[in-house]
Amino acid sequence: MSPILPDLTVRPGTEADLDAILQLIFASFHDPPDPALEAAQRAVCEPERSVVATDGELLAGHLGSFGRELTVPGGIVPAAHVTQVGVAPTHRRRGVLTALMRRHLTDAPEPVAALWASEGRIYPRYGYGLAAPHLTITAATREVRLPDGVPGRLRVGTPTALRAVLTEIYEAVRPHRPGWSSRPSAWWDYRHDDSAASRGGGTALRVVVREGPDGPDGYALWRVVDGDNPANPRISATLAVKEFVAASPAAYLDLWRFLFGIDLTARVTYHHAALDEPLLYLADDPGWLGTRWEHGLWIRLRDVPAALSARRYATPVDVVLELTDALLPANAGRWHLRGDLDGASCEHTSAPAALALDVRDLGAAYLGGTPLSALAGAGLIDERVPGAVAATSAALGWHRAPSMIETF
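Each residue of the sequence shown is one higher than the one before, starting from 1 at the first, in the UniProt record's numbering.
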């Protein structure tokens with residue numbers, strides 16, 4: 001790495017930076033300029049939460065974040081949703097990203113930060129751990145058979161027309177799914193943006209809502225993309241599921257049966273399946289459900305005692321953790337964690353530690369999906385008291401794998 005630029009200034013972003021920020025981000029991710037996409041980005045951008053790096057008049061780097069809530073095991077915590085991270089190609093490997101990240105982690109008010117990584121190797125060095133990997137499922141519609149269920153009432157429409165009921169269903173499910181985030185009104189608009197640039201050559205976005213005995217209890221958003229058979233592209237079309245939310249097993253099965261039954265499609269794809277996705281256990285021959293494991297949501301604990309106290313624990317835990325944290329020294333040291341399903345506390349202590357680990361690995365385990373025992377098996381945890389890994393791993397686990405049904 002070349003030396004850090006002597007004239008580099010790192011400061012909070014402002015509304016006046018927005019044009020330069022969007023130009024940098026579009027260029028960094030190789031997105032062609034598009035007025036509709038730019039308008040959608042502007043609607044959700046929070047420039048006052050950004051951190052920018054300038055070299056004279058040039059914008060050398062940017063790190064943005066959204067202020068949203070994040071569901072964690074047994075609770076909800078404020079979380080900085082980090083996004084639009086980019087460094088100008090003229091300023092790579094000059095310490096710009098490190099400067100941005102250090103400033104953000106120091107200044108952000110939330111105890112937890114979360115992000116989706118374009119390159120997974122980048123963010124562990126800043127204390128982020130992979131907390132919620134996910135699956136991409138690709139299934140042959142003619143080969144997958146699902147069991148009969150209890151049919152509800154289904155109605156199809158547009159996301160705009162059905163916004164109120166979608167919000168109602170989402171908010172009913174969100175508090176129970178670690179990894180899901182709150183959605184301000186502007187974010188719903190962004191999520192359902194259906195401009196030509198967002199369609200990827202597919203049809204307009206459609207939604208199906210399911211109503212059970214007690215009212216609306218599930219929905220799915222999808223579009224259809226023509227296939228590669230030039231003689232009959234519709235026959236080889238893909239039904240791409242953008243979002244899937246179900247409040248009950250009956251709603252879950254009913255919605256998937258509907259999606260697999262749509263005519264003139266050869267396959268169904270879903271990019272945000274959880275590692276414990278029920279569809280994997282409903283198909284009569286799961287071999288026709290092609291799955292690809294992908295890294296997803298990364299978690300960084302900014303304020304360790306606040307973050308650990310905000311969640312609940314599957315089994316009682318009483319353990320002293322010794323943490324290292326290269327960027328935030330206040331997190332380093334020994335922490336006495338006590339908790340169960342009813343509450344938790346975390347305080348500095350001078351007592352001997354049962355486990356020693358980096359804040360990155362605690363972040364990976366925070367949502368309950370990455371077992372501490374797996375990290376110990378990889379040599380990332382130092383067990384100083386026999387049995388501490390097994391006991392703490394069980395406590396940090398949860399009955400549902402974390403997931404995240406949107407990127408940000």
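For each residue, glycine too, the CB sits at the ideal point set by N, CA and C.
Using a threshold of 9 Å, state whether the C-beta atoms of residue i and residue j are closer than that.
| i | j | result |
| --- | --- | --- |
| Pro-316 | Gly-287 | no |
| Leu-70 | Gly-179 | yes |
| Ala-354 | Leu-321 | yes |
| Trp-298 | Leu-130 | yes |
| Glu-294 | Leu-135 | yes |
| Val-77 | Pro-111 | yes |
| Arg-257 | Ala-113 | no |
| Gln-84 | Gly-67 | no |
| Val-144 | Phe-260 | yes |
| Gly-377 | Trp-398 | no |
| Leu-341 | Asp-318 | no |
| Phe-408 | Ser-181 | yes |
| Gly-296 | Gly-127 | no |
| Leu-239 | Thr-160 | no |
| Pro-73 | Ala-314 | yes |
| Glu-48 | Gly-13 | yes |
| Val-208 | Ile-169 | no |
| Pro-402 | Arg-177 | yes |
| Ala-117 | Leu-59 | no |
| Ala-220 | Glu-243 | yes |
| Leu-24 | Gly-86 | yes |
| Asp-358 | Ala-330 | no |
| Ala-80 | Pro-109 | yes |
| residue 452 | Leu-264 | As displayed, the chain neither begins before 1 nor continues past 408, which places residue 452 out of reach and without an answer. |
| Ala-186 | Val-44 | yes |
| Ala-164 | Gly-218 | no |
What are the start and end residues of the beta strand (DSSP E) that includes residue i?
| i | result |
| --- | --- |
| Asp-106 | Going by the sequence as given, residue 106 is Thr instead of Asp. Counting along the chain, Thr-106 falls outside any beta strand (DSSP E), though it belongs to the alpha helix (DSSP H) covering 96-107. |
| Arg-267 | 267-273 |
| Ile-137 | 129-140 |
| Pro-12 | 8-12 |
Since residue i sits in a beta bridge, which residues does DSSP pair it with?
| i | result |
| --- | --- |
| Cys-346 | Leu-337 |
| Asp-318 | Arg-338 |
| Ile-299 | Ala-114, Gly-129 |
| Asp-358 | Thr-324 |
| Arg-153 | Glu-211 |
| Gly-290 | Thr-138 |
| Leu-221 | Val-207, Glu-243 |
| Asp-382 | Ala-356 |
| Pro-175 | According to DSSP, which records beta bridges pairwise, Pro-175 is partnered with nothing at all. |
| Thr-238 | Val-225, Arg-267 |
| Ser-181 | Leu-70 |
| residue 444 | The chain is shown only over 1 to 408; residue 444 falls outside these bounds and no answer can be derived. |
| Pro-329 | Paired residues: none, contrary to the question. |
| Pro-216 | Glu-211 |
Just reading off the alpha helix (DSSP H) that residue i is part of, what are its end residues?
| i | result |
| --- | --- |
| Trp-187 | 185-191 |
| Tyr-252 | 249-260 |
| Gly-369 | Where Gly-369 is concerned, there is no enclosing alpha helix (DSSP H), given that its DSSP letter is neither H nor E. |
| Ile-21 | 18-28 |
| Arg-199 | 196-199 |
| Ser-309 | 304-310 |
| Ala-390 | 388-396 |
| Leu-282 | 279-282 |
Taking 8 Å as the line, does the beta carbon of residue i fall inside it for any heavy atom of the ligand GTP?
| i | result |
| --- | --- |
| Leu-100 | Questions concerning the ligand GTP fall outside what the structure shown contains, since it holds no ligand whatsoever. |
request  = Would you be able to state if there are at least three C-beta pairs under 8 Å between the stretch 305-315 and the stretch 188-196?
outcome  = no
key: Unbroken stretches of the alpha helix (DSSP H), 4 residues or longer, contained in the stretch 31-110   = 35-44, 96-107
ask   = Do the stretch 169-178 and the stretch 240-248 meet, that is, are 3 or more Cβ pairs less than 8 Å apart?
value = yes
inquiry  = Counting beta carbon pairs with one atom in the stretch 262-270 and one in the stretch 133-148, are three or more of them shorter than 8 Å?
reply    = yes
query = Is the stretch 194-201 close to the stretch 139-154, with three or more CB pairs under 8 Å?
reply = no
inquiry  = Counting beta carbon pairs with one atom in the stretch 91-102 and one in the stretch 46-61, are three or more of them shorter than 8 Å?
reply    = yes
message = Can you confirm whether the stretch 86-95 touches the stretch 324-335 when touching is taken to mean that 3 or more C-beta pairs between the two stretches lie within less than 8 Å?
response = no
ask   = Quick check: the stretch 344-358 against the stretch 388-397, are there 3 or more CB pairs under 8 Å?
value = yes
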